[in-house]
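Asker: Below is a structure I'd like to ask you about.
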Amino acid sequence: MGDSVYIPSAASAVPTAVRTKTVTLRHSALVRITHWITTLCFFALLVSGAELVISHPRFYWGETGNDLTPTLFKLPIPASRNLVPTGYGYVLPDQNGWSRYLHFQTAWVLVFTGLLYLIFGLFAGHFRNDLLPGGALSWRAFSSAIAGHLRFERPSESDAWSYNVLQRLTYLFVIFVLFPLVIWTGLAMSPAFVSAFPAAVTLLGGQQSARTLHFFVSLALVLFLMIHVGMVWLAGFRSRMRAMITGRAAIPMERT
Amino acid sequence: MSEPAPGKLSRRKLITTGLVAAGGVLGLGIAGRLAYKYGLVPPDHGGIYGLGETLTYASQRLLTRHSLAREFSRSQISKPPFANEIAPLNEDFKRLQAGRFADWRLSVDGMVVRPASFSLDQLKSYPSRSQITMLQCEEGWSYIAEWIGVPLSQVLEAVEVQPQARYVVYYSIAPDWWESIDMADAMHPQTFLVYGMNGDELPVGHGGPLRMRVPRQLGYKNVKFITHLTVTDSLKGFGKGLGSASPEAGYAWYAGI
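Residue numbers (my numbering), protein chains in the order written: chain A, 1 to 256; chain B, 1 to 257.
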């Protein structure tokens with residue numbers, strides 16, 4: 001009831017010895033729609049965010065930082081502003097206007113998509129059934145999942161219809177830690193937002209700290225994306241893509 | 001066993017989705033009208049980024065109408081403050097600079113009862129105020145300085161703004177450099193016409209002799225070399241009607257984020 005994994009009731013009547021495959025609903029429509037909207041948002045935010053970084057590829061810690069202050073680190077790239085000391089003899093074109101417009105508009109879309117997903121996840125049991133490890137959170141489950149990765153084993157058939165404990169914890173971390181953090185550190189850079197909620201920036205150690213943290217959380221999200229796509233590739237790109245687009249996955253019958 | 005047949009489920013979902021969509025469209029229409037009425041729609045609301053821009057401006061207006069920009073301690077002032085590059089200044093400016101800005105004038109017109117022109121000395125005759133706040137550039141860098149000047153609200157009270165006024169447009173002596181803010185920012189206690197910095201005169205590199213200081217918005221709203229203010233109820237007749245020179249160059253009119 002309300003489960004995102006829809007199992008036809010007739011399936012249980014089929015003898016387990018019959019090794020045919022059936023097609024079942026792997027991902028609910030809402031998970032699929034929010035997944036692909038998030039994907040689009042992710043790329044728009046990444047491209048516009050990278051453009052914004054290029055205008056000042058220097059990072060600081062604390063409240064303030066500029067061309068006259070020491071950096072925490074610098075990116076070894078040219079800049080789109082000629083005052084920034086980069087060591088390059090040329091200046092890239094300024095793309096900040098549309099990048100800022102696109103970055104914030106996309107952030108709104110992402111926030112609304114995220115809220116829809118959170119409400120669905122809470123009330124339709126998606127978090128409870130698909131993501132919370134529950135009984136799966138044991139050292140055995142952990143060590144077998146990690147050992148499997150270390151042996152470069154292809155994901156088992158059962159991974160096609162349910163997440164293992166590592167996947168569950170990773171998705172939970174991305175949804176409940178990285179996404180809230182990237183929104184928080186982003187808002188902490190807004191002078192108007194922090195005028196109403198100063199703790200949003202002081203808790204992070206200052207406005208430049210918020211900017212630096214925003215950069216690192218974004219990097220963590222990019223790292224997640226690379227591993228996520230890599231694992232989808234290893235697990236079978238076509239079948240996993242089909243599951244996330246059409247919602248359907250081929251399931252071996254003996255799993256019951 | 002108790003799962004409803006997929007067909008029935010999707011029909012119910014279809015009806016629910018339709019109702020939600022219709023309600024959403026109706027709600028958006030009403031929200032749009034209310035937003036216009038309460039001044040929550042920015043002048044650059046058209047175009048593909050208009051929706052995001054409107055959401056940002058409207059939500060920040062609702063959350064921050066009276067909030068105060070963060071102020072810092074004297075020990076946090078950046079030494080030396082970083083001045084962004086400015087285009088070479090024109091002959092008008094150089095002439096005024098040669099006269100130590102004695103002839104610098106700030107003219108105020110538009111929807112005011114008593115249009116006026118202020119010299120720097122006249123502006124300095126008002127009780128001077130100071131704030132130690134951060135100037136943040138949209139590029140990512142920032143510095144903290146003490147800004148000394150007269151609150152814009154004081155000048156606006158002197159010329160008596162008419163009740164239908166909604167925006168203050170302000171111009172630099174440098175051509176094509178102009179911005180505007182809504183009345184919430186114009187009357188805000190930290191919005192200053194700045195003539196001093198860190199206990200001294202405001203350096204030319206930082207916009208001296210007169211700079212607009214809007215500490216709840218990014219650097220580019222803090223226009224340098226201010227000579228002219230116009231109070232208005234609509235931004236349609238100014239430039240391309242997008243609110244300021246920034247949207248004409250591709251940047252958002254509202255820069256609270």
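Note that CB positions come from ideal geometry on N, CA and C, so glycine has one too.
1. Quick one: give me the first and last residue of the beta strand (DSSP E) that W147(B) is part of.
2. Is there a Cβ of chain B sitting closer than 8 angstroms to that of E63(A), yes or no?
3. From what residue to what residue does the alpha helix (DSSP H) around A192(A) run?
4. Which whole runs of the alpha helix (DSSP H) in the segment 203-242 of chain B are 4 residues long or more, in chain order?
5. Helix, strand or coil, according to DSSP, for Q190(B) in the structure here?
6. Output the residue ranges of the alpha helix (DSSP H) runs that lie fully inside the segment 24-101 of chain B and measure 4 residues or longer, sorted by chain position.
7. Could you tell me whether any Cβ in chain A is nearer than 8 angstroms to the Cβ of G7(B)?
8. Quick one: Cα of T266(A) to Cα of T113(A), how far?
9. Return helix, strand or coil for I15(B), following the three-state DSSP convention.
10. Hey, out of S142(B), N84(B), G149(B), P43(B), whose CA is closest to P127(B)'s CA?
11. Would you please verify whether the beta carbon of G247(A) is less than 8 angstroms from any beta carbon of chain B?
12. Who are the neighbours of M134(B) on chain A, taking C-beta pairs under 8 angstroms?
13. For a contact meaning CB atoms closer than 7 angstroms, what does L218(B) contact in chain A?
14. Quick check: is the beta carbon of H27(A) nearer than 8 angstroms to any beta carbon in chain B?
15. Please state the DSSP three-state secondary structure of R105(B).
16. Please list the partners that D67(A) has in chain B, where partner means a Cβ-to-Cβ separation under 8 angstroms.
17. So L193(B) and L135(B) are supposed to be a Cβ contact under 8 angstroms. How far apart are they, rounded?
18. Which residues of chain A have a Cβ atom closer than 8 angstroms to the Cβ of I144(B), listed in chain order?
19. Mind checking who K74(A) pairs with in its DSSP beta bridge?
20. Take N90(B) as the anchor and find which of A174(B), L14(B), F238(B), G205(B) has the nearest alpha-carbon.
21. Under a CB-based cut-off of 8 angstroms, is W233(A) close to chain B?
22. Say whether chain B places a C-beta atom closer than 8 angstroms to the C-beta of W139(A).
23. Would DSSP call S246(B) helix, strand or coil?
24. What residues of chain B sit near H56(A), judged by a beta carbon separation below 7 angstroms?
25. Find out if the Cβ-Cβ distance for the pair L202(B), P209(B) is shorter than 8 angstroms.
26. So the beta strand (DSSP E) Y167(B) belongs to, where does it begin and stop?
27. For a cutoff of 8 angstroms on Cβ pairs, would you count G97(A) as touching chain B?
28. For the beta strand (DSSP E) holding A116(B), just list the boundary residues, first then last.
29. Alpha carbon to alpha carbon, how far is L181(A) from A98(B)?
30. Check whether the Cβ atoms of A116(B) and G97(A) lie closer than 8 angstroms to each other.
31. Check each residue of the segment 47-59 of chain B: if its Cβ is closer than 7 angstroms to any Cβ of chain A, include it; give the result in chain order.
32. When you compare the CB positions of G49(A) and S209(A), do they come within less than 8 angstroms of one another, or not?
33. If you draw a straight line from the C-alpha of G47(B) to the C-alpha of A145(A), how long is it?
34. Sort out for me which residues DSSP pairs A249(A) with in a bridge.
35. For G207(B) and G50(B), what's the separation of their Cα atoms in angstroms?
36. Which residues of the segment 102-115 of chain A have a Cβ closer than 7 angstroms to any Cβ of chain B? Give them in chain order.
Answerer: Straight from the coordinates:
1. Position 147 of the second sequence, counted from the start, is the residue given in the question as residue 147(B). Element bounds for W147(B): 142-151.
2. Within the first sequence, numbered from 1, the residue matching residue 63(A) stands at position 63. So yes, E63(A) belongs to the interface.
3. Working through the first sequence from its first residue, we reach residue 192(A) at position 192. Segment 191-196, the alpha helix (DSSP H) holding A192(A).
4. Secondary structure in the segment 203-242 of chain B: no alpha helix (DSSP H) run of 4 residues or longer lies completely within the stretch.
5. In the second sequence, counting from the first residue as 1, residue 190(B) sits at position 190. Three-state result, Q190(B): coil.
6. 50-64, 91-98
7. On the second sequence, position 7 is the one that residue 7(B) refers to. Any answer about G7(B) is weak, because its pLDDT of 48 lies below 50 and its placement is not dependable; what the coordinates show is given next. No, no contact with chain A.
8. Beyond the ends of chain A as shown, which are 1 and 256, falls residue 266(A); an answer cannot be given.
9. For the purposes of this step, residue 15(B) is taken as the residue at position 15 of the second sequence. Note: I15(B) maps to helix in three-state DSSP.
10. Start at 1 with the first residue of the second sequence, and residue 127(B) comes out as number 127. Looking at S142(B), N84(B), G149(B), P43(B), the one whose alpha-carbon comes closest to that of P127(B) is G149(B).
11. On the first sequence, position 247 is the one that residue 247(A) refers to. Not closer than 8 angstroms to any Cβ of chain B, the Cβ of G247(A) fails to qualify, so no.
12. Counted from its first residue, the second sequence places residue 134(B) at position 134. By Cβ distance, chain A contributes E63, T64, P191, Q207.
13. Here the question's residue 218(B) lines up with position 218 in the second sequence. Residues of chain A passing the Cβ test: P191.
14. Indexing the first sequence from 1 puts residue 27(A) at position 27. Cβ-Cβ to chain B under 8 angstroms: no for H27(A).
15. In the second sequence, residue 105(B) corresponds to position 105, counting from 1. It is a strand residue.
16. By 1-based counting over the first sequence, the position of residue 67(A) is 67. Simply F82, W141.
17. As a working note, residue 193(B) is residue 193 in the second sequence. As a working note, residue 135(B) is residue 135 in the second sequence. Contact doesn't hold; Cβ gap of about 15 angstroms is too wide.
18. As a working note, residue 144(B) is residue 144 in the second sequence. Contact annotation for I144(B) against chain A: E63, T64 [CB-CB distance below 8 angstroms, chain order].
19. Counting from 1 along the first sequence, the entry for residue 74(A) is found at position 74. According to DSSP, which records beta bridges pairwise, K74(A) is partnered with R58(A).
20. Locating residue 90(B) in the second sequence gives position 90, counting from the first residue. Comparing Cα positions, the closest option is A174(B).
21. Numbered from its first residue, the first sequence carries residue 233(A) at position 233. No - not a single Cβ of chain B is within 8 angstroms of the one on W233(A).
22. Mapped onto the first sequence, residue 139(A) falls at position 139. By this cut-off, W139(A) is not an interface position.
23. In the second sequence, residue 246(B) corresponds to position 246, counting from 1. If DSSP states are grouped into helix, strand and coil, S246(B) belongs with the helices.
24. Stepping through the first sequence from its first residue, residue 56(A) is reached at position 56. The contacting residues are E139, G140, W141.
25. What you label residue 202(B) is simply residue 202 of the second sequence in a count that begins at 1. What you label residue 209(B) is simply residue 209 of the second sequence in a count that begins at 1. Between L202(B) and P209(B), the CB-CB gap stays under 8 angstroms.
26. Along the second sequence, one-based indexing puts residue 167(B) at 167. Run containing Y167(B): 167-172, per the beta strand (DSSP E) assignment.
27. Stepping through the first sequence from its first residue, residue 97(A) is reached at position 97. With 8 angstroms as the cut-off, G97(A) counts as an interface residue toward chain B.
28. If you number the second sequence from 1, residue 116(B) lands on position 116. Unbroken beta strand (DSSP E) run through A116(B): 116-119.
29. Residue numbering aside, residue 181(A) sits at position 181 when the first sequence is read from its first letter. Residue numbering aside, residue 98(B) sits at position 98 when the second sequence is read from its first letter. In a straight line, the C-alpha of L181(A) is about 52 angstroms away from that of A98(B).
30. Position 116 of the second sequence, counted from the first residue, corresponds to residue 116(B). Position 97 of the first sequence, counted from the first residue, corresponds to residue 97(A). Against a cut-off of 8 angstroms, the Cβ pair of G97(A) and A116(B) comes out as no contact.
31. Y49, L51, G52, E53, L55, T56
32. Looking up residue 49(A) in the first sequence gives position 49. Looking up residue 209(A) in the first sequence gives position 209. Against a cut-off of 8 angstroms, the Cβ pair of S209(A) and G49(A) comes out as no contact.
33. Taking the first residue of the second sequence as position 1, residue 47(B) is located at position 47. Taking the first residue of the first sequence as position 1, residue 145(A) is located at position 145. Looking at the two C-alpha atoms, the distance is approximately 49 angstroms.
34. As a working mapping, residue 249(A) is identified with position 249 in the first sequence. DSSP, once it has assigned bridges, lists T24(A) as partnering A249(A).
35. On the second sequence, position 207 is the one that residue 207(B) refers to. On the second sequence, position 50 is the one that residue 50(B) refers to. About 31 angstroms.
36. L102, F104, Q105, W108
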